[in-house]
DNA sequence: CTCCGCCTCCACCGATCGGTTGATCGCATG
DNA sequence: CATGCGATCAACCGATCGGTGGAGGCGGAG
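Residue numbers (the working numbering), protein chains in the order written: chain A, 82 to 294; chain B, 82 to 294.
Put into structure tokens, the structure is as follows:
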């Protein structure tokens, strides 16, 4: 047996942190060297402790997981980041992968898959949950299935104001653009989300993880 | 020291189950007698094992937490159910309390609060997270603050169809009612959620946990 | 038994939205 | 440098929505 894999656990829920911690502590192949409750703390600890693998949650108060991954990559710390989260929407998965995550597992994964995943990640292998893998493949194969295209930042901004009850005119006023532009943005949103009105667009955006937080 | 508190842990995430499990196993005041990954399994185990406390997640595939609590109460098994979940929206909290939960804690609660909560629940005491308590109190004090009134089942049904992109006419056809009735339902929804159009209503419903799942 | 909430329905109107077509500009990627 | 995409704006039209003001039946709670 080799040297144990050193781990940094990042999650805002104490329950999950303690859970993962004791799960790995009971296996001699791993050594938990630190924990963090948010992205900023995660970056500090990762830089200081140089763990083999960072187990990273995505949705956290303050600095979120994606920002933390981006920051880690920027600092050049040689760390494998394995995302471990509850959600597998495009809006969660794609930015994380893009930021440089080594792998992406879901919390409903069985115990063994998790242990295997961390070992694989430590070796630099890409580790993906089946549903996440399927999502990525679908994306490559059919880049324009409705619901498979992500609205631009501006478009989401418009949609967000719409979700708050603003009319097109009000949205236009707030963004210092004309009503015509707002309509164009919304039409683009409709086609990207595969819907045909603002109410359905708001619903689709929530389901895709684009709104609220 | 008294007899340890016997626990049944219910959560669909193996990570969380293992986590809670080992957390309580390391404290001699508790004894984990069983685990379940969904509501149906939870009821079976609770009936068979008669634990002092059931730690229950709410959102689970198949039979969810509220249904499980309702079923447990119906069977008359003398069990304290302590809800432990990530969400604290009205749509999660109120039905759970109503179904007969002894307490309601959030997963971002610190470890100690969790241990104290379970002990208190075993004694039959009501245990509430601060935010949940605040939510209940606000509800009692100001029963008609916008966003504090819950749409009826029928109204949510209409709103759900709207969220799927149906026009009022289409919703009417699907529900075998007239367009006028649909409009009335929506107007009621608007006033209950404190909004003034369908898009905002859909957004508010998502934030209140009324839509999607 | 009475009150209240929910569900149902009607009619009319102005305001808003969605569809369509076409155009200009800047920036990035190739 | 050329293509493509995002952001911006325009004008016009039919369809839909939201506002208002009632109204009746039905069932549960007081």
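Just so it is clear, CB atoms sit at the ideal spot from N, CA and C, and this is done for glycine as well.
{"Check": "Length of the line joining the Cα atoms of residue 238 of chain B and residue 249 of chain B", "Outcome": "12 Å"}
{"Check": "Residues sharing a beta bridge with residue 32 of chain B, DSSP", "Outcome": "There is no way to answer for residue 32 of chain B, as the model of chain B reaches only from 82 to 294."}
{"Check": "Contacts that residue 108 of chain B makes with chain A (C-beta to C-beta distance below 7 Å)", "Outcome": "Ordered by position in chain A, no residue passes the 7 Å Cβ test against residue 108 of chain B, which lies about 12 Å from the chain."}
{"Check": "Cβ pair count under 8 Å reaching 3, the region 135-142 of chain A against the region 138-145 of chain B", "Outcome": "no"}
{"Check": "Top-ranked residue by Cα proximity to residue 198 of chain B, from B:245, B:105, B:94, B:292", "Outcome": "B:105"}
{"Check": "Near-chain B residues of the region 265-284 of chain A - C-beta to any C-beta below 7 Å", "Outcome": "276, 277, 278, 279, 280, 281, 283, 284"}
{"Check": "Contact set for residue 190 of chain A: own chain, Cβ-Cβ below 7 Å, skip 5 residues either direction", "Outcome": "210"}
{"Check": "At least three beta-carbon pairs within less than 8 Å, the region 123-136 of chain A to the region 168-176 of chain A", "Outcome": "no"}
{"Check": "Pairwise C-alpha distance: residue 186 of chain B and residue 224 of chain A", "Outcome": "Interpretation of residue 224 of chain A is limited by its pLDDT of 46, a score under 50 that renders its predicted location unreliable; the figure taken from the coordinates is listed afterwards. Taking the straight line from one Cα to the other gives about 42 Å."}
{"Check": "Beta-ladder partner(s) of residue 87 of chain A, from DSSP", "Outcome": "A:112"}
{"Check": "Contact list for residue 177 of chain A against chain B, beta-carbon separation under 7 Å", "Outcome": "In chain order: nothing, as chain B lies at least about 18 Å away."}
{"Check": "Bridge partners - residue 208 of chain B, DSSP secondary structure assignment", "Outcome": "B:184"}
{"Check": "Environment of residue 62 of chain B [buried if 16+ CB atoms lie within 10 Å]", "Outcome": "The shown model of chain B, from 82 to 294, leaves out residue 62 of chain B, and the question about it has no answer."}
{"Check": "For residue 137 of chain B, the first and last residue of its enclosing beta strand (DSSP E)", "Outcome": "134-137"}
{"Check": "Inter-residue Cα distance where the pair is residue 213 of chain A and residue 169 of chain A", "Outcome": "6 Å"}
{"Check": "Residue 96 of chain A beta carbon less than 8 Å from that of residue 188 of chain B", "Outcome": "yes"}
{"Check": "Residues sharing a beta bridge with residue 166 of chain B, DSSP", "Outcome": "B:187"}
{"Check": "Simplified DSSP state of residue 161 of chain A, which is helix, strand or coil", "Outcome": "strand"}
{"Check": "Contact check, residue 240 of chain B vs residue 255 of chain B, beta carbons under 8 Å", "Outcome": "no"}
{"Check": "Below-8 Å beta-carbon distance, residue 120 of chain B vs any chain A residue", "Outcome": "no"}
{"Check": "Residue from A:115, A:109, A:280, A:291 with nearest C-alpha to residue 90 of chain A", "Outcome": "A:115"}
{"Check": "Short CB-CB distance (under 8 Å) between residue 145 of chain B and chain A", "Outcome": "no"}
{"Check": "Proximal chain A residues relative to residue 190 of chain B, where beta-carbon distance stays under 8 Å", "Outcome": "95, 96"}
{"Check": "Residues sharing a beta bridge with residue 203 of chain B, DSSP", "Outcome": "In DSSP, residue 203 of chain B forms no bridge with anything."}
{"Check": "N- and C-terminal bounds of the alpha helix (DSSP H) containing residue 269 of chain B", "Outcome": "260-274"}
{"Check": "Cutoff 8 Å: residue 243 of chain A Cβ touching any chain B Cβ", "Outcome": "yes"}
{"Check": "Chain A contacts made by the region 194-207 of chain B, where a contact means CB separation under 8 Å", "Outcome": "195"}
{"Check": "8 Å Cβ cutoff, residue 99 of chain A in contact with chain B", "Outcome": "yes"}
{"Check": "Which listed residue (A:180, A:117, A:145) has its alpha carbon closest to that of residue 157 of chain A", "Outcome": "A:180"}
{"Check": "Whole-angstrom distance between residue 150 of chain A and residue 135 of chain A, CA atom to CA atom", "Outcome": "10 Å"}
{"Check": "Own chain, CB closer than 8 Å to residue 290 of chain A, minus 5 neighbours either side, in chain order", "Outcome": "168, 170, 171, 172, 173"}
{"Check": "Test: residue 287 of chain A CB closer than 8 Å to a CB of chain B", "Outcome": "yes"}
{"Check": "C-beta contact flag for residue 203 of chain B and residue 92 of chain B at 8 Å", "Outcome": "no"}
{"Check": "Chain-ordered neighbours of residue 292 of chain B on chain A, where CB pairs are closer than 8 Å", "Outcome": "284, 287"}
{"Check": "Neighbour flag for residue 246 of chain B against chain A, beta carbons, 8 Å", "Outcome": "yes"}
{"Check": "Range covered by the alpha helix (DSSP H) that runs through residue 125 of chain B", "Outcome": "120-130"}
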